[in-house]
Every structure is written in structure tokens, then in C-alpha cells.
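J.: Pasting a structure here, questions to come.
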Amino acid sequence: MKYINQLEPDGLIENFLTNPPNNFNAWLADSGVPVFSAKFDLLTSADSDFRQKIQKIPFYPKWSKLLQPNTCFVGTTVSEYALLTNTLPADLLATRIKQQYAKDFPFLIVKDIPQDSPLQNQQANDYAKTFIEALKDNGFIEIEGQALAWVPVDYENIDDYLSKLSASRRKDFRRKLKLREKVDINVLQGGDECFFEQAVLDTYYQLYLNVYEQSEVHFDLLTKAFFTQLLQDKQTVTKIFTYHHQGELVGYNICFIVNDMLVDKYIGLVYPAARDFNLYYISWFHNLEYAKQNELKYYIAGWTDPQVKASLGAKFTFTQHLVYIRNPLLRTILRKLSRRFESDRTWRDAHTDINKKEGNHG
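In this note's numbering, the protein residues as written are 6 to 367.
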């Protein structure tokens, strides 16, 4: 593994650098950490109330492009965390990042720095903590990041896992899982012969686009070239779980096995069939079952849909974004408004309050 807090295989990071998302540029900084630039809608992570207030300001469609500056990001969109290297002291890395990019970009964002993550070792956590403090010393603003869902594989089987959830959720999930008998589940490997057929690649990419187009947030659109390399990579331990109904592909889930972890990355679906068969829930429990059968330690379930994943029994670990704004006036404004850009933090606080009231820590 090239980076001290890396949860993904090297091949995925290399694929991102070779085939960045649509209209992105990606490269390695002199310090060796991945960096990319893109137009970034500053309202992407804003809470819905604040976003609606901004959008109601007169002539918003005409001036909204001012909220989409060309932004430099330290990190990638395919890794759970900003990828850090301990070949440099944390304070020196922070200084170099600012020196290299703060003058050339109106916004510089070091994205998803882990906070005491249970998914990495103490050395990586200590480095991240020192790095955050060094960035703050360099004028970066601290903003709460995203909620990364994960599950320790400490259950005996799915029945045991369900027994730890509330009675109402157990009943709901058992009802949803009854549709599992209507789909055929298979496992393919990255580099399998079928992924060298153009028609198969076209189908898999279209199913990815189906999910992308119905998502609320549109930031990184992965390219066909990225998906082709992803599916044809024979070196990386890639598992593609496929879901068929009456011989027709209705969904798939692309995961990696790294350091005794099942890392869930991409999903492709056919609508409305995916909803009709509850594929989201079926794939969740299938992945838990697969992780147990293969004696893995953790299932890492990604950033999206924290409310749903909380109901499914996931735990969460949070990150921080560190933001440097070239314009000193805007920098002052963001410091005062930073909480309005912490949507996952708002969810976490609400979720914590609900759990306290219910006495439920799932």
C-alpha cells in the first residue's frame, strides 16, 4: 500500500490518476499525494435550508456560476480518505500543499482527513491529527466531513446480525429479503473474459449511469475508460456481485478485498426493477454474508445514504475537510458559516439524539 491511511487497492488509485472523472484533472503532487482539480459547486455540502435560501436570491441562475470556482482538491474521489504519506513530516506536507496550490486556485480543499478512524492504525491516526493541526496553523478552515459507514464482522450469521437490531427493523428487513429468492446472485472477478466484450462494458457503464443520474449530488462522473480499466484489472482483488432476474442483469455491486476488509465501491442498477426487488437491501445483507464466509474483519459501506445505513446497523466514522480560501473576505465569511456546510454532522447530531432517546446504539 502506497499511503499510510489507504483502504483501497493501489490499482484503483492508479486508475483514478490515469482516467480521472469527466472534466477533472488529476496528478501526483511533488510530495507524492494525489491531487485533482475541478469546477466545484460550493453548495454541494450545504444543508438544504441554507441551499434553498441562496437559490431564492434574485437572479440566482445568472450569478450561480460564481459559486462554482475551479477548485484544487488534495485527495481522490475513489478513496475513502485523503491519501497521506509519512515520507514527509505532517507539518511540512501541510506547508508544501499551501505553497504549491493556494496561489493558483481560489479554493484549496484537503478532503476527508480521518478522525481517529477505527479502520486504520494508530500511526496513521496520529499523522492525520498532526496534519489537521498543521493545516489550521497555515490558515485552513476546519469543516466536518462525511459519515463513512462500516460494519465489524463480529456476528455469527445474518440471523445473529438481525437479532441486534430493533424488532421493527428486523421485521422490515426480513420482509424485504423475501424477494431474494427471485434474483440469482453470482460473483465475477475483475479481469474475467466477459469484461473484454464491448457489449458487456456498455451494459455495466449504463447501469452505473442509471444510479448517477438519479442521485441528488452530481460531482464526479466516472468515465467509460475508468470503468473499462476497473473491470479488466486482473491484478486487483475485485469482486463483482451480479443480480439477475429471469436471466436479465438488474444490478451489480463492485467491491474490493484489501487487508481483510470488504470495501464496497460501486453499484449499477436497472430501474424500476432494482427497487421492485429491494436490491439495495439484498446486496447489503449479501455483502455481510460474504464477508463472514470469507473471514474478513470489516465491511466498509461508503459515504452515501447514512440514514438508511444507520437503520441497517452500520457504525460510522467521520472525516474533516480543511479548506483554504485565497480571498481573505470570503475566508472570514466561511469561518462564520462553516456549520452550514456540514450536512453529515447535522445528520450525526440528530441520529445521536434519537439513539439516546431510544436507547439504541445500532
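Ideal Cβ positions, reconstructed from N, Cα and C, are used throughout, including at glycine.
Note that this is a predicted model, so its numbers are computed, not measured.
In whole angstroms, give me the CA-to-CA distance for Thr90 and Gln128.
T.: Each residue's alpha carbon lies about 11 Å from the other.
J.: Can you name the start and end residues of the alpha helix (DSSP H) that Gln127 belongs to?
T.: Gln127 -> alpha helix (DSSP H) spans 127 to 142.
J.: The alpha helix (DSSP H) with Pro311 in it runs from where to where?
T.: Segment 311 to 316, the alpha helix (DSSP H) holding Pro311.
J.: Going straight from the alpha carbon of Phe78 to that of Lys270, what length do you get?
T.: Cα to Cα, the separation comes out at about 20 Å.
J.: Below 8 Å on the Cβ atoms is my contact criterion, and I expect Leu206 with Thr241 to pass it. Report the Cβ-Cβ distance as a whole number of Å.
T.: About 17 Å separates the two Cβ atoms, so there is no contact after all.
J.: Could you please give me the residues that DSSP links to Cys77 through a beta bridge?
T.: Partner(s): Ser42, Leu113.
J.: Assuming contact is defined by CB atoms lying nearer than 8 Å, are Leu98 and Phe136 in contact in what I supplied?
T.: In contact: Leu98 and Phe136 (Cβ atoms closer than 8 Å).
J.: To the nearest whole angstrom, what separates the beta carbons of Gly16 and Asp189, a pair I think is in contact under 8 Å?
T.: Actually they are not in contact, since the Cβ atoms of Gly16 and Asp189 sit about 28 Å apart, beyond 8 Å.
J.: So, is Leu293 buried or exposed, given that buried needs 16 or more other C-beta atoms within 10 angstroms?
T.: Leu293 is buried by the Cβ-count criterion.
J.: Figure out for me which residue from Lys7, Val38, Tyr276 has the closest Cα to the Cα of Tyr213.
T.: Of Lys7, Val38, Tyr276, the residue nearest in Cα terms is Tyr276.
J.: Hey, Val115 and Leu327 are a contact pair by Cβ (cut 8 Å); roughly how many whole angstroms apart?
T.: With a Cβ gap of about 4 Å, Val115 and Leu327 count as contacting.
J.: Which residue wins for smallest C-alpha separation from Gln120, given the options Ala133, Phe112, Lys108, Leu140?
T.: Considering only alpha carbons, the answer is Ala133.
J.: For the alpha helix (DSSP H) containing Glu218, list its first residue and its last residue.
T.: Taken as a continuous stretch (DSSP letters only), the alpha helix (DSSP H) holding Glu218 covers 203 to 219.
J.: Among the residues of its own chain, which have a CB less than 7 Å from the CB of Ala87, if the five just before and after it don't count?
T.: Val79, Gly80, Val115, Lys116, Asp117, Ile118.
J.: Can you give me the Cβ contacts of Ala43 inside the same chain, cut-off strictly under 6 Å, excluding the 5 residues immediately before and after it?
T.: Phe29.
J.: Would you call the segment 297 to 317 and the segment 258 to 265 in contact, with 3 or more CB pairs under 8 Å?
T.: Segments in contact, yes.
J.: To the nearest angstrom, how far is it from the Cα of Leu236 to the Cα of Glu218?
T.: Roughly 21 Å separates the two Cα atoms.
J.: According to DSSP, simplified to helix, strand and coil, what is Pro277?
T.: Pro277: coil per DSSP, three-state reduction.
J.: Nearest to Ile259 by alpha carbon, out of Gly252, Ser220, Asp109, Ile272?
T.: Considering only alpha carbons, the answer is Ile272.
J.: Taking all protein chains shown into account, do 16 or more other C-beta atoms lie within 10 angstroms of the C-beta of Phe201, making it buried, or fewer, making it exposed?
T.: Exposed, by the Cβ-count rule.
J.: With a threshold of 8 Å on Cβ separation, who are the neighbours of Arg175 within its own chain once the five nearest residues in sequence on each side are excluded?
T.: Answer for Arg175: Leu167, Ser168, listed in chain order.
J.: Put Tyr303 into one of helix, strand or coil per three-state DSSP.
T.: Strand.
J.: Could you name the residues of the same chain whose beta carbon sits closer than 7 Å to that of Val158, not counting the 5 residues immediately before and after it, in chain order?
T.: Cβ within range, chain order: Ala296, Lys297, Leu301, Lys302, Tyr303, Tyr304.
J.: Out of Lys58, Gly37, Pro333, which one is the CA nearest neighbour of Pro94?
T.: Answer by Cα proximity: Gly37.
J.: Keeping to the same chain, check which residues put their C-beta closer than 6 Å to that of Tyr210; ignore five residues upstream and five downstream.
T.: Excluding residues within five positions, the ones whose Cβ falls inside 6 Å are Lys229, Phe232.
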